[in-house]
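Heads up, the sequence shown is in the working numbering, so the first residue is 53 and it goes up one at a time.
Taking it in order: structure first as structure tokens, then the write-up.
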Amino acid sequence: MKKATSQPAARKAAKADKPKAAYSLRLYVAGATARSQQAILRARELCEAELGGDYELEVIDIYQQPLLAREGQILATPTLVKAYPLPVRRLIGNLANTVGFFAGLDLTAKPQPAP
53 MKKATSQPAA RKAAKADKPK AAYSLRLYVA GATARSQQAI LRARELCEAE LGGDYELEVI
113 DIYQQPLLAR EGQILATPTL VKAYPLPVRR LIGNLANTVG FFAGLDLTAK PQPAP
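Rendered as structure tokens:
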């Protein structure tokens, strides 16, 4: 008979197998809505473009994991939390403001080409 593992224990075991990334991010969303999907896609695009794969992005649905949302003191979604490197930063909204995203992660925005 297969022993059931608790979700937090399984998550800790999965994280133990991964190498430590330069940036550890958590994206809190509310369900499988279009807004949530857009936030997930936008966060992944921006992280890939700026951090080049040297990041760990954990997506947390507050409806499926309300205790994690409570522990993270999440009041609105979508919320992106940069847990590492310190200081912890929180970005609330759809991540459409690229400059705000870079400032929130303590990065400098890449210069945009002139039209």
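Positions of the beta carbon are idealized from the N, C-alpha and C atoms, including for glycine.
- L138 counts as exposed, since fewer than 16 other C-beta atoms from the protein chains shown sit within 10 angstroms of its C-beta.
- Per the coordinates, the alpha-carbon of A101 lies some 31 Å from the alpha-carbon of L119.
- With respect to the 8 Å criterion, A82 and E108 are not classified as neighbours on the basis of their beta carbons.
- I92: member of the alpha helix (DSSP H) spanning A86 to L103, first to last residue.
- For A135, the enclosing beta strand (DSSP E) begins and ends at T131 to Y136.
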